[in-house]
Structure formats: structure tokens, C-alpha cells
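Protein chains in written order, with the working numbering: chain A, 226 to 370; chain B, 121 to 617.
Idealized CB from N, CA, C, for every residue including glycine.
Predicted model only: the values in this text are computed from it and were never measured.
Reviewing the structure listed below.
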């Protein structure tokens, strides 16, 4: 019997959870406006079943090995960056994100510092000063960044 | 056709002041197109008040140049960093980025530049010579035709499914369900927004595609030293001119893709995103090497780039000749004309024929100038591919996130990009098809809305109109052609010699 890669269940799992959450949310909506979603869900359910059947039979085999350390790290620093942005403002948090991530990935600290500073200054100028996007800003008694 | 008016229009375009606005617009367009998430519609809308001072011609020519420049530069981040700034550039990612990975970034950029110029020039020529005539046909597209057009677009899924057709189709159908999130158009009920007000208008495309393509790639890139595989082993000795020469091999394909682009551009409410995928599908089915599509095929890149820019000309036809803008950008351009007391519409070619021809000719000249400006700009950008990933990954992440915010100015879109980045990475890893998912997301709403309207208007009767039947035949041809061609090939192989 072929080996089943348990990771293969992740994407169908996400799809299954999405279908369940979707239909739980729309349970009180008149079925008249759900004609198309019902049609799509029907086809999706059949195909999902067929895919799961093939996965369980080991048709797709095991995926090649992967190193999760760095992708997980990137996900974490990005989540931290997005959480810090409302407090530190877009420019300061972007500088810290750029410099921190480059240093963590092994870039020369001096190069990382210069690249981060130049890019942040450029983005600050374009996004906050010229285009005036409504991005979070760091407001202190002395200055606004 | 009034040749005297046309000659005057050409002379007007070559006036130094008009040329200066044209070049300035192209440069601004290049910048907007090269930075993901920057939206030409928003930037042009911000400039609308200034159009009163500029005068109608200069304002519209400047805006057209921004529109054309941004379309031409859209492939830059898509090719170099797998980061599509617009939905139409997503199709460029597939083969453009694969070429960059092979160390052929300059070749890819060169091929894209020439094909974009070809498409743009073709679109402009159609505007000049057939515009008033062709525009009338756009009005023949009702809900049934629009529904069939979206189904025809979805048939491109067959070419995007990859090695696992079942997983590819599953991705596409999943995309159709995700596309139903938000307010439906018939009774105004909100479907499954998960309590987020930001999803009332549906799932926004820009954050999703920046996540699915740009961010998803970072999770793989972070484990590598360089974007280019085998970097430093002499893989990258090509130039932009190699790409230009390569795309010259596909003259017929460029022409065919440009025709697709113009036709789709003319139909209001469609646009380059749909056109590029249709063009990709058509190119793959008629290619002698379909197996190379998605793995760095210049042929695919040429088809998509030519089509993308031809849409610009197509979109201008209903705007000028019928007063029906097909997209946000053409709406802004039309507004610029209207606040300067020029009413676009069927009477435009009677009352303001000179202005109309000048605008169309500026599109033609603008595309030619764009080629030469592009040679310098694309060459400069191509160096990005040689930057080590330890520097590049955080930069791409930052640009993807900022780009997703810039689209609607909602912090929610940051998270959306991250979520879809993770989903895209998992889908790619396990053999699902993020492009098929995206295509369904783009076309899902269009298909559903028009299906419902067609059924409410006249029911099934609407689906036997001539254009619907032609589109239906094209859909079947698209889906069945690969099987027929494979069968013929097999027969040819097994035939006695």
C-alpha cells in the first residue's frame, strides 16, 4: 500500500471548514439568493470527496520534504510587524521589520540597516507624504512619523 | 473617414507641449505599474481637478499615457518577483517569473516589452480606423452574453489545472464559492462575510492576488540563496534584445492575442484580467509546446503581454464612441472630458471628431515612445533579480503588504494578504492551482450576477441568442481541442510510415 502524506489533508480540510462556515453563516438567508452558492457547493462537495478518496488511496504519494523553520519564522515576524504597526506607526514598524528580518536571514547588518533606512524613507515619502495614504502613524509630543 | 482631421490630429500630437505631457504620463504610469497595489484609477481620480487647468486634450492624453504606461509596467514586478500589481499581471507571473528563476529575467522583460508595445499599437490602430463602427457592437452584450463570456473565460481553467486536473478543477470551484462572499446583487443580502464589514463588497482582488502569488512565493524563497536557480553559474548572459528577438518569432500569436485584448476591452465590465487568461488559454492550446507553459515559456508571456496592452485601446472605444466606460480608469478619463464640456458618446465623432482622433493618435504615439522609455526602465529594474533573497524577501513582503493596503486603505487587507499567502503556498505545495482559483474569483461574480439577471429577464430564451451560441461553441472548442489534438497526434504517431 502506498504511503499517505497526511499533509495532503490540509488544503481539503481548509476547503471543508470554509464550506461549513459559509453555510452556517448563510443559514437564515432566503434560499432564493443562494441558488448559485448551492450549485457551486454541490459540485465542490463531489470534487472534494473524489480528491479525499484519491488521497486516502495514496494516489498522490508523499510530497518532497520541506524545511518549515524559515517559512514559520517569516510568518511570525510578519504577524508581529502587523500587530506592532498600530502602535509604532507604519514607518517605524516597517523599518524594524525590514532590518530585523534581513538580519535574521543572515544579511550583513550594515547593508541591512542602510537598505532598510533608504526604503523606509522612500516609502514614507511616497505613501504618507505624497499619496497621503491613511496608514497608521506614530504620534509623539515632539513629532509625527 | 476624414483624412484632413486625421492629419491635423497627428500634427497636434507632435506639438512639444502635448509630447511633454505624453512622456510625463508614461513615466508616471511606469512608476504606478511597477509598484504593486498602486492603482492607476485612484491616482488619476486625484488628478481630475487639475484637468480643468490643463484643458481637455492635454488632460486626457496625459491620463491615457498613465493608463498605458501602468499596463506596460505591470509585468515588471510580476516577472521579477512573482508579485502582480494588477489582476491582469497575474497571468504574467506564471511564465515570466519562471524565466527569471532560470536566469532569463532580461529576456522575459524584453519579450514582454515588445509584445506590450505591439498590443498597444494594435489597440490604437483599431481605435483610429474601426472605433466608431466597432463601438456599436459592444451594446449587443446583455446579461446572457456576459454570462457566456465569463464561462468562456473559465474554460481557461482547463489549461491551468497542471499535473493534477482534479486538484486544479477543485481549486477553480473553490474560487467560485469564495467569489460569492459579500453582498449579492439581486436582493442585497450579505453572504458569509464572517462578520467583517470589509468583506461586504466581496473578497478584494488585489490583496488576494498579492497574497496568492507574491507572499506565497516568499515562503519558498526564504529557504533559497537567490531567486535565480544556479545563480552565478553563467545562466544569465541574456539581454532585453534577446527577448525582443524571441517575441518577434510569435508575430501571429501577438496579433491573435491583441485581437482578443481589443474585443474583451470593448465589452464594458470585463477588462484585462479576463482577457489575459483567455489569451493564455488560447495560446497554450494552439502552441506546439504546451508542456512548456507555466515553466518559463516566452510564447505564453508574449501572448499575455500583447493582450494586456491591447485592452487599453479596446476599453477606450466604448468610452469615447458610446459614452460607456468599461472600467474605473476609463470612467475617470471620461469624466475629465465631461468637466471640460466634451460629451463622449455617439455624437463625439460629429461634434468633437478632431479631439477624438487626437486622443486615439496619442495612444498610438504613446505606445511607440513607451517602447524606447521601456528599454531604459526595464533594463534598470532587471537587476532586482540578482539581489540575494536575504535582502529581497523582507522587501517583497513589505511591498506586497503596502500594496494590498494602498488598494482600499483598509488595515484588514494586510491580514487578508497574509492569509491568502499561506493558502497559496499550501495549494502550490500540494499540487492545487492558485491561478485557477484566482481566475474563478475574478469571473465568479460576473458569471453569477449575469446568470441571475438573464434568468430574471427572459429565462432560458436569452441563451439562444447568436453571440451566446458563438461563445458556447468557443467554450466547447477550448475544452475539447486538447483532447482532439492529442488524439490526432497519437494517430499520427501510430500511422504506418
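- With a 10 Å radius around the Cβ and a threshold of 16 neighbouring Cβ atoms, residue 402 of chain B comes out buried.
- Cβ atoms of residue 273 of chain A and residue 240 of chain A come within 8 Å of each other, at about 6 Å.
- Inter-residue distance for residue 273 of chain B and residue 381 of chain B is about 13 Å (C-alpha atoms, whole angstroms).
- At a cut-off of 8 Å between C-beta atoms, residue 263 of chain A does not count as an interface residue with respect to chain B.
- Contact between the segment 265-272 of chain A and the segment 331-344 of chain B is absent, with fewer than three C-beta pairs closer than 8 Å.
- When secondary structure is reduced to three states using DSSP, residue 455 of chain B falls in the helix class.
- Put simply, the CB of residue 292 of chain A is near chain B, with a gap under 8 Å to one of its CB atoms.
- DSSP, read as helix, strand or coil, puts residue 307 of chain B in coil.
- Pairing residue 212 of chain B with residue 424 of chain B gives a Cβ-Cβ distance under 8 Å.
- Chain-ordered listing is empty here: chain A has no CB closer than 9 Å to the CB of residue 167 of chain B, the nearest sitting near 12 Å.
- Distance from the CA atom of residue 370 of chain B to the CA atom of residue 426 of chain B, rounded to whole angstroms, is 11 Å.
- For residue 523 of chain B, there are no C-beta contacts with chain A under 9 Å, since the nearest C-beta of that chain is about 10 Å from it.
- Counted as a single uninterrupted DSSP element, the alpha helix (DSSP H) harbouring residue 128 of chain B occupies residues 123-133.
- Under DSSP, residue 364 of chain A shares a beta bridge with A:369.
- Here residue 345 of chain A is near residue 320 of chain A, since their CB atoms are less than 8 Å apart.
- Rounded to the nearest whole angstrom, the CA to CA distance from residue 316 of chain A to residue 339 of chain A is 15 Å.
- By the Cβ-count criterion, residue 140 of chain B is exposed, with fewer than 16 other Cβ atoms from all chains shown falling within 10 Å of its own Cβ.
- The residue among B:253, B:308 and B:348 with its C-alpha nearest the C-alpha of residue 255 of chain A is B:308.
- Comparing C-alpha distances from residue 510 of chain B to each of A:361, A:367 and A:327 shows the shortest one belongs to A:327.
- Of the other Cβ atoms in all chains shown, 16 or more fall within 10 Å of the Cβ of residue 429 of chain B; this residue is therefore buried.
- Residue 340 of chain A has a beta carbon lying within less than 8 Å of a beta carbon in chain B.
- Here DSSP, grouped into helix, strand and coil, assigns residue 302 of chain B to strand.
- For residue 526 of chain B, a Cβ of chain A is located within less than 8 Å of the residue's own Cβ.
- In this chain, the alpha helix (DSSP H) harbouring residue 191 of chain B covers 176-193.
- Taken in chain order, the whole alpha helix (DSSP H) runs of length 4 or more contained in the segment 322-394 of chain B are 325-329, 336-341, 360-368 and 371-386.
- C-alpha of residue 251 of chain B to C-alpha of residue 472 of chain B: approximately 14 Å in a straight line.
- With its beta carbon less than 8 Å from one in chain B, residue 303 of chain A belongs to the interface.
- Comparing C-alpha distances from residue 267 of chain B to each of B:597, B:587, B:598 and B:599 shows the shortest one belongs to B:587.
- Assignment of residue 409 of chain B by DSSP, reduced to helix, strand and coil, places it in the coil class.
- Annotation for residue 572 of chain B: 306 place their beta carbon closer than 6 Å to its own, counting only its chain and skipping 5 residues before and after.
- Rounded to whole angstroms, the Cβ separation of residue 235 of chain B and residue 374 of chain B is 6 Å, and the two are in contact under 8 Å.
- Of the candidates B:568, B:584, B:504 and B:581, B:568 places its Cα closest to the Cα of residue 270 of chain B.
- Take residue 163 of chain B, set aside five residues on each side of it, and the residues of its chain with a beta-carbon closer than 8 Å to its own are 148, 152 and 186, in chain order.
- With fewer than 16 other Cβ atoms from the protein chains shown falling within 10 Å of its own Cβ, residue 584 of chain B counts as exposed.
- Following the DSSP letters along the chain, one finds residue 248 of chain A inside the alpha helix (DSSP H) bounded by residues 235-250.
- Pairing residue 128 of chain B with residue 160 of chain B, the inter-Cα distance amounts to about 30 Å.
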